[in-house]
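Trainee: Heads up: take any position in the sequence shown, counting from 1, add 8, and you land on my numbering.
Where a beta carbon is used, it is the ideal one built from N, C-alpha and C, also for glycine.
Keep in mind that this is a model prediction, so the values were computed, not measured.
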Amino acid sequence: MDKQKLYHCIDDKSPRILGLSDQIWEYAELSMLENKSAKAYVEVLKAEGFLVETELCGIPTAFSGSYGSGRPRIGILGEYDALSGLSQQAGVAEKKPLVADGCGQGCGHNLLGAASLGAAIAIKEAIAEGKLKGTVIFYGCPGEEGCAGKTFMARDGLFKDLDAAITWHPGDTNEVTTGSNAACLQMVYEFAGTAAHAAGNPWEGRSALDGAEMMNMGVQFLREHMEPKCSIHYSIADAGGISPNVVQPKAKLVYMVRAETVRKAKALLARVNDIAKGAALMSGTEVTWHQLDGTSDTLSNTVLEELLYKNLQEAPMPEYTADERQFAADLRKTYPHEGLPGDNVETNPVLRKQIAALSDKGQKDINDFVVPYYPAYHYSPGSTDVGDVSWLTPTAQFNTATWPSRIPGHSWQVVSVGKSGMAHKGLLYAAKVLAGTAADLMEDPEILQKAREEFNETAAAGYECPIGPEVVPSAQ
Ligand SMILES: [Zn+2]
Ligand SMILES: [Zn+2]
9 MDKQKLYHCI DDKSPRILGL SDQIWEYAEL SMLENKSAKA YVEVLKAEGF
59 LVETELCGIP TAFSGSYGSG RPRIGILGEY DALSGLSQQA GVAEKKPLVA
109 DGCGQGCGHN LLGAASLGAA IAIKEAIAEG KLKGTVIFYG CPGEEGCAGK
159 TFMARDGLFK DLDAAITWHP GDTNEVTTGS NAACLQMVYE FAGTAAHAAG
209 NPWEGRSALD GAEMMNMGVQ FLREHMEPKC SIHYSIADAG GISPNVVQPK
259 AKLVYMVRAE TVRKAKALLA RVNDIAKGAA LMSGTEVTWH QLDGTSDTLS
309 NTVLEELLYK NLQEAPMPEY TADERQFAAD LRKTYPHEGL PGDNVETNPV
359 LRKQIAALSD KGQKDINDFV VPYYPAYHYS PGSTDVGDVS WLTPTAQFNT
409 ATWPSRIPGH SWQVVSVGKS GMAHKGLLYA AKVLAGTAAD LMEDPEILQK
459 AREEFNETAA AGYECPIGPE VVPSAQ
């Protein structure tokens, strides 16, 4: 079909799509608490004629909207959760919280969900007009930042009957995401001891805080003896109390254990659990633990990635006004960072040279070009629950530039730019790339077949869900 029609449809629907994005920016709801956001999405999906299912897998803020019938079944993934401590006024190039200690869309998920929905709407219109055949399904995936909502959805069997899933993420470049990232298991350890007067009768107390501290120290010694791509981080969620003259009877730690695969992460976790047991033994306390969530490493699919790259080039690149460029320059001055876009991942020398030329040696405030695609292996030390989808169906992702060059994710700058012209243009561009890609998949069974063949090889080991059946999704 003529992709210009898809692009026009997205432009025609842009008041609704951009309005939704701005609304989700205002709501800025934390993981698994996205009640107003989910409601706003469900309202738009219903108004657009999608068949809506809510409370997927028992999660109040997980939902889907599907349209069409039969195969192929193409999934488009959306997210909408925010981050704590990142409240920020829109459109100002200085740190100015909107609400003290409030939340903000520091990962651009207001844009993420809205663009994915925009693409689903354009495909729906094309199906309704008889130009495309198949089913498009928009998945409202909650809790990416704090609970790995997609993992719970994957555990319950969603995604596996799709022919392909596509998604994107806001960023500072227009670029296909390739390679893999870490699997991650998130755990809670609770130590229970006996309270006593810390001066009067400390011999009768057993300090849970001691147990927690010794566990952290034990893990510190473990770090030297892990495989290179592993990492472990922790927080002290409860140190017992604030009175030093009390032997603390309780303490709580939250741990993230990351490794190259779920299997390796589980093996490393077993060693962490042994350290917890040892710490409890040494401190004369009891320790219990439970899992909060988990994510799998990501399987890339070069067939789908090449298709995304083609569509990044076909869809019209945004053009920016002088004001938008000025705001990008002003914001960038608040985060002076030398180097080239993509410096945080290993890139090959040829690609680095090309990026240097395209970005004026990293001097551009807005990266208004498509980064060349090289299907080389990258390993990102972070984690995403898109990984779990990628083990169940051929999956691919890309970024568009929705914030200025070199601004990091999870920053007040991302919140500030999140309702601006630049963010809106990056959102609509992403929607067009997703819609164009979904249309190609619906029209060309050969691409889907090739993507499936590649998936069958990379996922041959089978999906090992990183969470057990006992783990329940929860806000943290
Ligand atoms: Zn994030
Ligand atoms: Zn994110």
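For a quick check, are the C-beta atoms of Gly157 and Ile67 less than 8 angstroms apart?
Mentor: For this step, residue 157 is matched to residue 149 along the sequence shown. For this step, residue 67 is matched to residue 59 along the sequence shown. The answer is yes: Cβ separation under 8 angstroms.
Trainee: Does DSSP put Val425 in a helix, a strand or coil?
Mentor: As a working note, residue 425 is residue 417 in the sequence shown. Here Val425 sits in helix by DSSP.
Trainee: Does any heavy atom of ligand 2 sit closer than 7 angstroms to the C-beta of Cys111?
Mentor: To locate residue 111, count along the sequence shown from 1; it is residue 103. No, Cβ of Cys111 sits at least 7 angstroms from all heavy atoms of ligand 2.
Trainee: CB Leu106 to CB Gln113, shorter than 8 angstroms?
Mentor: Position 98 of the sequence shown, counted from the first residue, corresponds to residue 106. Position 105 of the sequence shown, counted from the first residue, corresponds to residue 113. It is not a contact, given that the beta carbons lie outside the stated cut-off.
Trainee: Which same chain residues, not among the five before or five after Tyr382, have their C-beta less than 7 angstroms away from its C-beta?
Mentor: As a working note, residue 382 is residue 374 in the sequence shown. Excluding its 5 nearest sequence neighbours in each direction, Tyr382 has C-beta neighbours in its own chain below 7 angstroms: Asn356, Leu359, listed in chain order.
Trainee: Figure out for me which residue from Gln321, Glu472, Thr466 has the closest Cα to the Cα of Thr408.
Mentor: Here residue 408 refers to the residue found at position 400 when the sequence shown is read from its first residue. Nearest option by C-alpha distance: Gln321.
Trainee: Once the 5 residues before and after Leu456 are set aside, which same chain residues still bring their CB inside 7 angstroms of it?
Mentor: As a working note, residue 456 is residue 448 in the sequence shown. Closer than 7 angstroms at the Cβ level, and outside the excluded window around Leu456, lie Pro80, Asp171, Ala172, Leu449.
Trainee: Please state whether the Cβ-Cβ distance between Gly142 and Gly78 is less than 8 angstroms.
Mentor: Residue mapping note: residue 142 aligns to position 134 of the sequence shown, counting from 1. Residue mapping note: residue 78 aligns to position 70 of the sequence shown, counting from 1. Cβ atoms of Gly142 and Gly78: closer than 8 angstroms.
Trainee: Report yes if the C-beta distance between Glu152 and Phe406 is below 8 angstroms; otherwise report no.
Mentor: Taking the first residue of the sequence shown as position 1, residue 152 is located at position 144. Taking the first residue of the sequence shown as position 1, residue 406 is located at position 398. When the beta-carbon positions are compared, Glu152 and Phe406 stay at least 8 angstroms from each other.
Trainee: Which of the three DSSP states is assigned to Cys192 in this structure?
Mentor: Looking up residue 192 in the sequence shown gives position 184. It is a strand residue.
Trainee: Can you pull the DSSP bridge partners for Thr202?
Mentor: As a position in the sequence shown, residue 202 is number 194, starting the count at 1. Answer is Arg214, bridged to Thr202.
Trainee: Looking at the unbroken beta strand (DSSP E) that takes in Val265, where does it start and where does it end?
Mentor: Here residue 265 corresponds to residue number 257 of the sequence shown, with the count starting at 1. Run containing Val265: 258-267, per the beta strand (DSSP E) assignment.
Trainee: In the DSSP assignment, find the beta strand (DSSP E) that holds Asn407 and state where it starts and stops.
Mentor: Reading the sequence shown from its first residue, position 399 is the one you call residue 407. Taken as a continuous stretch (DSSP letters only), the beta strand (DSSP E) holding Asn407 covers 403-409.
Trainee: Quick check: is any heavy atom of ligand 2 less than 7 angstroms from the C-beta of Cys149?
Mentor: Stepping through the sequence shown from its first residue, residue 149 is reached at position 141. Ligand 2 has no heavy atom closer than 7 angstroms to the beta-carbon of Cys149.
Trainee: Compute the Euclidean distance between the alpha carbons of Asn309 and Thr403, then round it to the nearest angstrom.
Mentor: For the purposes of this step, residue 309 is taken as the residue at position 301 of the sequence shown. For the purposes of this step, residue 403 is taken as the residue at position 395 of the sequence shown. Going by the C-alpha atoms only, they are around 6 angstroms apart.
Trainee: Heavy atom of ligand 1 less than 7 angstroms from the Cβ of Glu183, yes or no?
Mentor: What you label residue 183 is simply residue 175 of the sequence shown in a count that begins at 1. Result no, Cβ not under 7 angstroms from ligand 1.
Trainee: Rounding to the nearest angstrom, what Cα-Cα distance links Pro324 and Lys433 in this structure?
Mentor: For the purposes of this step, residue 324 is taken as the residue at position 316 of the sequence shown. For the purposes of this step, residue 433 is taken as the residue at position 425 of the sequence shown. Cα-Cα distance, rounded: 10 angstroms.
Trainee: So, under 8 angstroms CB-CB, Val52 and Leu28 are touching, yes? Tell me the CB distance rounded to an integer number of Å.
Mentor: Start at 1 with the first residue of the sequence shown, and residue 52 comes out as number 44. Start at 1 with the first residue of the sequence shown, and residue 28 comes out as number 20. About 6 angstroms separates the beta carbons of Val52 and Leu28, which is inside the 8 angstroms limit, making them a contact pair.
Trainee: Which residue comes first and which comes last in the alpha helix (DSSP H) that contains Glu462?
Mentor: Along the sequence shown, read from residue 1 onward, the residue named residue 462 stands at position 454. Looking at the DSSP string, the run of the alpha helix (DSSP H) that includes Glu462 is 453-466.
Trainee: Out of curiosity, what's the CA-to-CA distance linking Lys103 and Tyr147?
Mentor: For the purposes of this step, residue 103 is identified with residue 95 of the sequence shown, where counting begins at 1. For the purposes of this step, residue 147 is identified with residue 139 of the sequence shown, where counting begins at 1. Approximately 33 angstroms between the Cα atoms of the pair.
Trainee: Considering just the uninterrupted stretch of the alpha helix (DSSP H) at Val311, what are its terminal residues?
Mentor: Counting from 1 along the sequence shown, the entry for residue 311 is found at position 303. Its alpha helix (DSSP H) spans residues 310-322.
Trainee: According to DSSP, which residues form a beta bridge with Val184?
Mentor: One-based indexing of the sequence shown puts residue 184 at position 176. Paired residue(s): Phe406.
Trainee: Are the CB atoms of Gly370 and Ser304 within a distance shorter than 8 angstroms?
Mentor: As a first step, residue 304 is located in the sequence shown; it is residue number 296 there, counting from the start. As a first step, residue 370 is located in the sequence shown; it is residue number 362 there, counting from the start. For Ser304 and Gly370, no; Cβs fall outside 8 angstroms.
Trainee: Rounded to the nearest angstrom, how far is the Cβ of Cys111 from that of Ala98, given a contact under 8 angstroms?
Mentor: Here residue 111 refers to the residue found at position 103 when the sequence shown is read from its first residue. Here residue 98 refers to the residue found at position 90 when the sequence shown is read from its first residue. Incorrect: roughly 14 angstroms between the Cβ atoms, too far for contact.
Trainee: In whole angstroms, what is the alpha-carbon distance linking Glu232 and Cys238?
Mentor: In the sequence shown, the residue the question calls residue 232 occupies position 224. In the sequence shown, the residue the question calls residue 238 occupies position 230. Roughly 10 angstroms between the two C-alpha positions.
Trainee: Does the beta-carbon of His241, which I'm using as the reference point, lie nearer than 7 angstroms to any heavy atom of ligand 2?
Mentor: As a position in the sequence shown, residue 241 is number 233, starting the count at 1. Every heavy atom of ligand 2 is 7 angstroms or more from the Cβ of His241, so no.
Trainee: Can you have a look at Leu59 and say buried or exposed, based on whether 16 or more other CB atoms are within 10 angstroms of its CB?
Mentor: Against the sequence shown, residue 59 aligns to sequence position 51. Exposed is the call here.
Trainee: Would the C-beta of Glu42 count as close to ligand 1, meaning under 7 angstroms from any of its heavy atoms?
Mentor: Numbered from its first residue, the sequence shown carries residue 42 at position 34. Shortest gap from the CB of Glu42 to any heavy atom of ligand 1: 7 angstroms or more.
Trainee: Please state the DSSP three-state secondary structure of Glu87.
Mentor: The residue labelled residue 87 in the question sits at position 79 within the sequence shown. Of the three classes helix, strand and coil, the one that applies to Glu87 here is coil, per DSSP.
Trainee: According to DSSP, is Ala127 helix, strand or coil?
Mentor: By 1-based counting over the sequence shown, the position of residue 127 is 119. DSSP places Ala127 in helix when its eight states are reduced to three.
Trainee: From Val423 to Val397, what distance separates their C-alpha atoms?
Mentor: Position 415 of the sequence shown, counted from the first residue, corresponds to residue 423. Position 389 of the sequence shown, counted from the first residue, corresponds to residue 397. Using only the alpha carbons, I get a separation of about 27 angstroms.
Trainee: If you measure from the CB of Gly417, is any heavy atom of ligand 1 nearer than 7 angstroms?
Mentor: Within the sequence shown, residue 417 is the residue found at index 409, counting from 1. Correct: Gly417 has its Cβ closer than 7 angstroms to ligand 1.
Trainee: When you compare the CB positions of Gly213 and Ala203, do they come within less than 8 angstroms of one another, or not?
Mentor: Working through the sequence shown from its first residue, we reach residue 213 at position 205. Working through the sequence shown from its first residue, we reach residue 203 at position 195. For Gly213 and Ala203, yes; Cβs fall inside 8 angstroms.
Trainee: Hey, would you say the C-beta of Cys192 is under 7 angstroms away from at least one heavy atom of ligand 1?
Mentor: Position 184 of the sequence shown, counted from the first residue, corresponds to residue 192. Every heavy atom of ligand 1 is 7 angstroms or more from the Cβ of Cys192, so no.
Trainee: Out of curiosity, what's the CA-to-CA distance linking Val479 and Ala122?
Mentor: Stepping through the sequence shown from its first residue, residue 479 is reached at position 471. Stepping through the sequence shown from its first residue, residue 122 is reached at position 114. Cα-Cα distance, rounded: 29 angstroms.
Trainee: Cutting at 7 angstroms between CB atoms, please list the residues of its own chain near Gly390, excluding the five before and the five after it.
Mentor: Position 382 of the sequence shown, counted from the first residue, corresponds to residue 390. Within its own chain, the residues whose Cβ lies closer than 7 angstroms to the Cβ of Gly390, once the five positions on either side in sequence are excluded, are Asn189, Ala190, listed in chain order.
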